[in-house]
Every structure is written in C-alpha cells, then in structure tokens.
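**Q** Okay, handing you the structure first.
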Ligand code: SAH
Ligand code: SF4
Ligand code: F3S
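Residue numbers (this note's numbering): 12 to 486.
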C-alpha cells in the first residue's frame, strides 16, 4: 500500500528540470544573444531563472572589447569557482566573445569553467550540457558564415515590457585595427528580413513600444536570400532586384506598427547613406538619433585604425545628418591614446567633439587586444598616464558640449516614451525622447509604455528634468 502510494506520487510529479541563470556583459548584441540562448535551453527542457541562488547552471555571456572588461569577468569566474566548491553539482559555462577569444584556455590552463561556447554555437548548448552531465568538460567555438538564429524567438530576459532589442545581423568584416570583434564574432552576415519583421510584429502584439535593430555595422545590412555576405555589385540581377538593404529594412520595420518606435545601432560613418537618412526623416516613428562612432578626430590616426574615412568625411556626414534632420541626436565613441597618437592629433579629437556637437559620447582609453592588427603592427606607445590625462580632457570637452546642448533644451517640449521608474525617486518616471536623451518627470497617473509630452524645466550633463503636459497616442 505504502509502495503503491509512493509509486503514484512519482508518476504525477514531473522530474525537476535544471535551472539556468544567464548573466550578460558587453554590448547590446550580447544581451540579445542571451535571450536566444534562453529560448534554445527552455525548448530543451531547462528552466530559466532570474535568481542566481536557484541555479543549477550559471552561464556568463562575456565581452572582450577591452582588457578591463575581461578582468571584471575573470574576477566573477573566480568568485563563482568558490561557490562551486560549496556546491559540487553547480555547472559554470562561459559564452560570448571571451569564450571565442580564449577558447580551451579557460577549460585547461585556468580551469575556471565546465563549458565554453562561442557566439555561433548556441544551438549546440543542450549537447554541451549533456556532455558535462556525463562528467566531461565541453567546448564549441566554431564560427559560422551563416548562423543568424533567424527563426528563434528570443525569451525577453529582465524586460521592462516597453523596449526590446532585435538582432538584424552578426559578425563584422571591417577589421578596425584596434578591435577584437571580427575575431570573436566572425564574418558579417545578415538575418532574413522576413524573420526580423515577424519578430517586430510579435513584440508589437505583446505591447512593446520600441525596438532597437542591432548590428556592429547596420548600414551594411543586405539580405539577398541567405548565406555568407556578398556586396551588392556581386549579386546576380535577380538577387539585386529582390535584395533588401538597411534603408528598406528600416522602412519595413517602421510600417509594422506606427505606435512603435524604431531605433538602430551602430552606424559606421563610411557606410551610412542618404537613402538611410531620408528613410529616418520620412517616418515619424523612426527615432531621429544616430550613434556614429568617430574613434578619433585625426585623419592619420583614423587611417592607422583602418576606419576608411577622414576627419573631413566624418564632419561631412554629421553636417549631412543635420541638413536632412536639423534636430537629430548624434552620439559618438572615442578612443584616447591609440598607437603613436601625438598631442596635436589628440587636440584634433577635442575639436571634432566641439565641431560635431555630440549629445553624448562613450569614451575609452585604448586597450591593446592580443591578435588584433594594431597589436601586431603598431606599438602601444602612449603611456597610460598620458592616455588617462587625454581621456579626462576628452570627457571634459564632451561634458561641456552636452551641458550646453541640454541647457538649450530647457523650455522645450519633448515626446517621451516612459520606460520605468526613476532610479533616484519612486515618484518620478524615466524615459527617453526621440533624440535618445533621458527625461525624468513626476509620475502623476502615467505609466511605463505611455507616450507623454514633457516640458523641460531643468537639465544636467546627462539628463533632462521636466513636467508632463499630456499623453499622446504615438511617437
Ligand atoms: N561596431 C561599432 C563598435 C563596437 S565596439 C563601431 O564600429 O563603431 C564599441 C566601442 O568600443 C568602439 O566604438 C570603440 O570606441 C571601443 N573599442 C573597441 N575596441 C577598443 C579597444 N581595443 N580599446 C578601447 N576601446 C575600444
Ligand atoms: Fe570593431 Fe570596427 Fe567592426 Fe566596429 S566596425 S565592430 S569597431 S571592427
Ligand atoms: Fe564585447 Fe563582443 Fe560586444 S567583445 S562589445 S560583447 S561584440
């Protein structure tokens, strides 16, 4: 009797599935990839958890862009290894760019993890996890010419329910000499346009109000039926006629839902075309904002970086954007102290920031990455303290421009998409305007997902503070 009872219980309770906790570092593409990983694993019987304590398996999706990004992850892995000593069953996996860069070193020499999976191997994760169950370490770091995870519908992790990332391409062929991305993410390839539009439609059905289309160089998006990247001129006539470039894709996405905002990142100054700019201008729901990394304001340094544009070309692009869309937000990435950079060349970067009137910039010290063209060809010869001092000057110059621009926004009204509560005060909401500036205002009866017209009363270097004057239906 007793046995029978136990037997029935065993039949009715499903076996406990393993809990997976995914932690992401690095750029938006990594966060988007983690959502693809979550789907692949949940379709294979694993459960995603947002609580690290509940995890049977911890996956860290990593970034290699600068030395300090990798250092941070290494510390985290060392900390996790200590947890593993307490719980021998805990499985730790490393995904993403650092997995691709360091490959089996992480398993063998450093013995930090059980699984190493590069950015193109996520469909293989269930198999890799099984291998670990059998007592082995497992690794897949094969890069692909075709993988885009096109048909996998990402599981939105830590979502605010308002904004979502949609990956439109993978890899990068640009070979900027400082950059590790072409080595960690492989060759450029575009995702099927139809699957992108379908994903955006599903987000719209779920009530999302903003999508950001992601790629390392969105302006070179080109869908012609799949496979490794080809230039437009190398397509057959039929492929050319049915191909979809970035401008066309933007339009297709904008037409999905006129109440949904469309953003994109990142644009490369050498590739952003008038066709793209006119498409942004044409649709009210495509945000008037371009992230246009310059990296340096000096043509000799830009040449050493293999950016394929000059200072003058860059300034020409900024002027063109503002000619077509006078109020367009523009932001930038800058690297301080690249190989052989002189004081005068650094001054060119400061003057580029002033001339271009960037709304904000992401600014970094140059960090030599093993295996990149710069590491092989050029000396990392700007001393750390000089890089640091130049970076401070770059930040001070950008902050002065940001402060001035935000000051000019006082008294103006902006349409803001509310994303959530302000970090500083539960009585305030936080959102962004079209140009991607953060706007804070008192909550009243507004909520995340609302479009609210806000009149700006105060400003700082990084945000605008105002008061709601009414709700709107669309961007
Ligand atoms: N695809 C994007 C940038 C991706 S990496 C583009 O082309 O603009 C994001 C930023 O990190 C870069 O724009 C650059 O400013 C910075 N970065 C990349 N490699 C770096 C390095 N080795 N040292 C310091 N900063 C770096
Ligand atoms: Fe790196 Fe250049 Fe590609 Fe950007 S465009 S990811 S900086 S190689
Ligand atoms: Fe980092 Fe890889 Fe993105 S190196 S910035 S996570 S593409």
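We put the beta carbon where it would ideally sit given N, CA and C, even for glycine.
According to DSSP, what are the bridge partners of residue 174?
**A** Locating residue 174 in the chain shown gives position 163, where the first residue counts as 1. Note: residue 174 sits in a beta bridge opposite 221.
**Q** Does the separation of the CB atoms of residue 312 and residue 349 fall below 7 Å?
**A** Indexing the chain shown from 1 puts residue 312 at position 301. Indexing the chain shown from 1 puts residue 349 at position 338. Yes, these two residues count as a Cβ contact at 7 Å.
**Q** Can you have a look at residue 486 and say buried or exposed, based on whether 16 or more other CB atoms are within 10 angstroms of its CB?
**A** In the chain shown, the residue the question calls residue 486 occupies position 475. By the 10 Å Cβ count, residue 486 comes out buried.
**Q** Whole alpha helix (DSSP H) runs in the stretch 282-347 with 4 or more residues, listed along the chain?
**A** Taking only runs of at least 4 residues, the alpha helix (DSSP H) segments lying wholly in the stretch 282-347 are 285-293, 310-315, 322-335.
**Q** Leaving out five residues on either side along the sequence, give the residues of the same chain with a beta carbon under 8 Å from the beta carbon of residue 14.
**A** Stepping through the chain shown from its first residue, residue 14 is reached at position 3. Bear in mind that a pLDDT of 43 at residue 14, under 50, signals an unreliable position, so the model cannot answer this.
**Q** Going by beta-carbon coordinates alone, are residue 151 and residue 132 separated by less than 7 Å?
**A** Residue 151 sits at position 140 when you count from the first residue of the chain shown. Residue 132 sits at position 121 when you count from the first residue of the chain shown. Yes; because the gap between Cβ atoms is below 7 Å, this pair is in contact.
**Q** In the DSSP assignment, the beta strand (DSSP E) including residue 439 goes from what residue to what residue?
**A** Along the chain shown, one-based indexing puts residue 439 at 428. Here the beta strand (DSSP E) through residue 439 covers 439-444.
**Q** Decide yes or no for the touch test of the stretch 227-236 against the stretch 439-454: beta carbon pairs closer than 8 Å, at least 3 of them.
**A** no
**Q** Under the DSSP definition of a beta bridge, which residues are partnered with residue 59?
**A** Your numbering for residue 59 matches position 48 in the chain shown. Note: residue 59 sits in a beta bridge opposite 31.
**Q** Find out if the Cβ-Cβ distance for the pair residue 117, residue 124 is shorter than 7 Å.
**A** For the purposes of this step, residue 117 is taken as residue 106 along the chain shown, with counting starting at 1. For the purposes of this step, residue 124 is taken as residue 113 along the chain shown, with counting starting at 1. Yes, the Cβ-Cβ distance between residue 117 and residue 124 is below 7 Å.
**Q** Determine the closest residue to residue 175 out of 185, 164, 382, with distance taken between C-alpha atoms.
**A** As a position in the chain shown, residue 175 is number 164, starting the count at 1. Per the Cα distances, 164.
**Q** Let's test the definition: count the other Cβ atoms within 10 Å of the Cβ of residue 346 and tell me whether it reaches 16, buried, or not, exposed.
**A** Translated into the one-based positions of the chain shown, residue 346 becomes position 335. Residue 346 is buried by the Cβ-count criterion.
**Q** Could you have a look at residue 464 and say whether DSSP puts it in helix, strand or coil?
**A** For the purposes of this step, residue 464 is taken as the residue at position 453 of the chain shown. Here residue 464 sits in strand by DSSP.
**Q** Out of 332, 387, 454, 407, which one is the CA nearest neighbour of residue 360?
**A** Within the chain shown, numbered from 1, the residue matching residue 360 stands at position 349. Nearest of 332, 387, 454, 407 to residue 360, Cα basis: 407.
**Q** What's the C-alpha gap between residue 193 and residue 75?
**A** One-based indexing of the chain shown puts residue 193 at position 182. One-based indexing of the chain shown puts residue 75 at position 64. In a straight line, the C-alpha of residue 193 is about 11 Å away from that of residue 75.
**Q** DSSP puts residue 428 in a beta bridge; with which residues?
**A** What you label residue 428 is simply residue 417 of the chain shown in a count that begins at 1. According to DSSP, residue pairing for residue 428 in a beta bridge involves 443, 462.
**Q** Where does residue 97 land, buried or exposed, given buried means 16+ other C-beta within 10 angstroms?
**A** Mapped onto the chain shown, residue 97 falls at position 86. Label assigned to residue 97: exposed.
**Q** Thinking C-beta only, is residue 467 closer than 7 Å to residue 420?
**A** Numbered from its first residue, the chain shown carries residue 420 at position 409. Numbered from its first residue, the chain shown carries residue 467 at position 456. Contact: yes.
**Q** Heavy atom of the ligand SF4 less than 6 Å from the Cβ of residue 108, yes or no?
**A** As a first step, residue 108 is located in the chain shown; it is residue number 97 there, counting from the start. False, no ligand heavy atom lies under 6 Å from that Cβ.
**Q** If you draw a straight line from the alpha carbon of residue 376 to that of residue 400, how long is it in whole angstroms?
**A** As a working note, residue 376 is residue 365 in the chain shown. As a working note, residue 400 is residue 389 in the chain shown. Their Cα atoms are separated by approximately 10 Å.
**Q** If we count Cβ pairs, one from each stretch, closer than 8 Å, do we get three or more for the stretch 453-461 versus the stretch 420-440?
**A** yes
**Q** Would you be able to state if there are at least three C-beta pairs under 8 Å between the stretch 35-45 and the stretch 100-107?
**A** yes
**Q** Please report the straight-line C-alpha distance between residue 55 and residue 269, rounded to a whole angstrom.
**A** The count along the chain shown starts at 1 and reaches residue 55 at position 44. The count along the chain shown starts at 1 and reaches residue 269 at position 258. Roughly 36 Å between the two C-alpha positions.
**Q** Given 6 Å as the limit, tell me if residue 343 has its C-beta closer than that to any heavy atom belonging to the ligand SF4.
**A** Locating residue 343 in the chain shown gives position 332, counting from the first residue. Not so, every heavy atom of the ligand SF4 lies at least 6 Å from the Cβ.
**Q** Should residue 487 and residue 305 be called a contact, given that it needs their Cβ atoms to be closer than 7 Å?
**A** Because residue 487 is not part of the residues shown, which for the chain are 12 to 486, the question remains open.
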